[in-house]
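K.L.:
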Amino acid sequence: MSISKRLEDARAGYEKKNLQLSASAHDPARIAQAASEKHGGASHQYLGDMVYGGLDGIITTFAVVSGVAGADLGSNIILILGLANLFADGFSMATGAYLSSKSDQEYYERERQREAWEVEYFPDGERAELLELYVNQGYSREDATSLVDIQSKDPKRWVDTMMVNELGLLPDEKKPQMSALATLVSFIIAGSVPLLVYLLGLLVPIPSSIAFPISLGLSGLALFGLGASKTLVTGLKPLRSGLEMLVVGGLAAGVAYVVGALLKGIGGG
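Here my numbering is used: the first residue of the sequence shown is 1189, the next is one more, and so on.
(1) Find out if the Cβ-Cβ distance for the pair Val-1307, Val-1347 is shorter than 8 Å.
(2) Candidates Gly-1413, Phe-1279, Ala-1441: which alpha carbon is nearest Arg-1428's?
(3) Do Thr-1371 and Pro-1281 come within 8 Å of each other at the CB atom, strictly closer than that value?
(4) Given Gly-1379, which residues of its chain have a CB within under 6 Å of its CB, disregarding the five upstream and five downstream residues?
(5) Is Gly-1270 closer than 8 Å to Val-1252 when the C-beta atoms are compared?
(6) Relative to the ligand NAP, is the shortest distance from any of its heavy atoms to the C-beta of Leu-1391 smaller than 7 Å?
(7) Alpha helix (DSSP H) containing Gln-1365: first to last residue?
(8) Which word fits Thr-1349, buried or exposed, when buried means at least 16 other C-beta atoms lie within 10 angstroms of its C-beta?
(9) How would you write the range of the alpha helix (DSSP H) that Pro-1395 sits in, first residue to last?
(10) In angstroms, rounded to a whole number, what distance separates the CA positions of Lys-1341 and Pro-1311?
(11) Could you spell out where the alpha helix (DSSP H) holding Glu-1294 opens and where it closes?
(12) Which complete beta strand (DSSP E) runs does the stretch 1338 to 1366 hold, if anything under 3 residues is left out?
(13) Between the C-alpha atoms of Gly-1326 and Arg-1315, what's the straight-line distance to the nearest angstrom?
(14) Which one of Ser-1212, Asp-1197, Ser-1403 has the shortest CA to CA distance from Ser-1263?
(15) Could you tell me whether the stretch 1282 to 1300 touches the stretch 1315 to 1324, where touching means 3 or more Cβ pairs closer than 8 Å?
(16) Quick one: residues in its chain with C-beta nearer than 6 Å to the C-beta of Asn-1353, no 5 flanking neighbours on either side, listed in chain order?
(17) From the DSSP output, in three-state form, read off Asp-1237 for me.
(18) Assuming Ser-1254 and Gly-1408 form a contact by the criterion Cβ under 8 Å, report the distance between their Cβ atoms to the nearest whole angstrom.
(19) Apart from the five residues just before and just after Tyr-1286, which ones in its own chain have a Cβ nearer than 8 Å to its Cβ?
(20) Could you check if Ala-1272 is buried or exposed, using at least 16 other CB atoms within 10 Å of its CB as the buried criterion?
(21) Throw me the rounded Cβ distance for the Ala-1257 and Ile-1266 pair, which I believe falls under 8 Å.
(22) Whose C-alpha, out of Ala-1200, Asp-1197, Lys-1204, Gly-1241, is nearest the C-alpha of Gly-1415?
Right, dumping it as structure tokens:
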């Protein structure tokens, strides 16, 4: 069985307090097989970017739609502002995801190079640092010394250990370009949901009194679906996560609608 199946069984065993299922997930043979597999994959690595990019896309776009609808400025204005927000915010989020991922990787690499240099030129000092780290974690000085002796046999493993134990840093294998692309695509696709009925209105006349409720319904379904899919990242219950996101998105849209209604006169509505 794959590592994903073993983890799925482990989570299910914990949630249901099923000792038999949990024991199966912790079977030594399954653990050994899972350890030999390559963890994760391209889709798994960027899943968080896709889910959260989509959530931000639909919430911000629907807030714009709600604000303009509250001001009663018409479908054309909704489309103009909605599409402008969709692509501008999508590009901004993608740029942020790229720069954030790139900065994290550059910082990690810089610190790793420093640790490797210190291990090469000041091994005794690095051993002393690692020893104290293990002691502070609760190991006896004797056990900590044994651990240091084991870790320091391999310079690469030694540096890996210092990165985690001393700096609390783990490598991020995601490509910044792919992270940005995943964010942008999911933002635009999900963010376009509130605008679908208005885009359709360019071909088939749809009264504003009908268009906004349809947009509201589509956005609500999309918010719930994306919120539920967030559990692929968080591991929480889909129903709860979906309802939470529906409430958050609804509040954001409600605030925008009220503001738009209060400022209706300014817009000429």
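Backbone N, C-alpha and C define an ideal beta-carbon position, used for all residues, glycine too.
All figures in this text were calculated on a predicted structure; none of them were measured in a lab.
P.N.:
In short, the structure shows the following:
(1) The count along the sequence shown starts at 1 and reaches residue 1307 at position 119. The count along the sequence shown starts at 1 and reaches residue 1347 at position 159. A contact, by the Cβ cut-off of 8 Å.
(2) Position 240 of the sequence shown, counted from the start, is the residue given in the question as residue 1428. Of the listed residues, the one whose Cα sits closest to Arg-1428 is Gly-1413.
(3) Within the sequence shown, numbered from 1, the residue matching residue 1281 stands at position 93. Within the sequence shown, numbered from 1, the residue matching residue 1371 stands at position 183. Residue identity check: residue 1281 is Met in the sequence provided, not Pro. A contact, by the Cβ cut-off of 8 Å.
(4) Here residue 1379 refers to the residue found at position 191 when the sequence shown is read from its first residue. Around Gly-1379: Gly-1245, Ile-1246, Thr-1249, Leu-1274.
(5) Taking the sequence shown and counting its residues from 1, the one referred to as residue 1252 is at position 64. Taking the sequence shown and counting its residues from 1, the one referred to as residue 1270 is at position 82. Contact: yes.
(6) The model depicted lacks the ligand NAP and carries no ligand whatsoever.
(7) Along the sequence shown, read from residue 1 onward, the residue named residue 1365 stands at position 177. It spans 1364 to 1379 - the alpha helix (DSSP H) in which Gln-1365 sits, taken as one unbroken run.
(8) Mapped onto the sequence shown, residue 1349 falls at position 161. Flag for Thr-1349 reads buried.
(9) The residue you call residue 1395 lines up with position 207 of the sequence shown. First-last for Pro-1395: undefined, no H or E at that position.
(10) Counted from its first residue, the sequence shown places residue 1341 at position 153. Counted from its first residue, the sequence shown places residue 1311 at position 123. Roughly 11 Å separates the two Cα atoms.
(11) Here residue 1294 is taken as the residue at index 106 of the sequence shown, counted from 1. Element bounds for Glu-1294: 1263 to 1309.
(12) none
(13) Here residue 1326 refers to the residue found at position 138 of the sequence shown. Here residue 1315 refers to the residue found at position 127 of the sequence shown. Spanning the two alpha carbons is a distance of roughly 17 Å.
(14) Counting from one through the sequence shown, the residue named residue 1263 turns up at place 75. It is Ser-1403 whose Cα lies nearest to the Cα of Ser-1263.
(15) no
(16) What you label residue 1353 is simply residue 165 of the sequence shown in a count that begins at 1. Answer for Asn-1353: Leu-1321, listed in chain order.
(17) Counting from 1 along the sequence shown, the entry for residue 1237 is found at position 49. Helix, per DSSP.
(18) Locating residue 1254 in the sequence shown gives position 66, counting from the first residue. Locating residue 1408 in the sequence shown gives position 220, counting from the first residue. Going by Cβ atoms, the distance from Ser-1254 to Gly-1408 rounds to 12 Å, so no, they are not a contact pair.
(19) Counting from 1 along the sequence shown, the entry for residue 1286 is found at position 98. The answer, listed in chain order, is Pro-1364, Gln-1365, Ser-1367, Ala-1368.
(20) By 1-based counting over the sequence shown, the position of residue 1272 is 84. Exposed: under 16 other Cβ atoms inside 10 Å.
(21) For the purposes of this step, residue 1257 is identified with residue 69 of the sequence shown, where counting begins at 1. For the purposes of this step, residue 1266 is identified with residue 78 of the sequence shown, where counting begins at 1. Right, their Cβ atoms sit about 7 Å apart.
(22) Working through the sequence shown from its first residue, we reach residue 1415 at position 227. The shortest C-alpha separation from Gly-1415 is found at Gly-1241.
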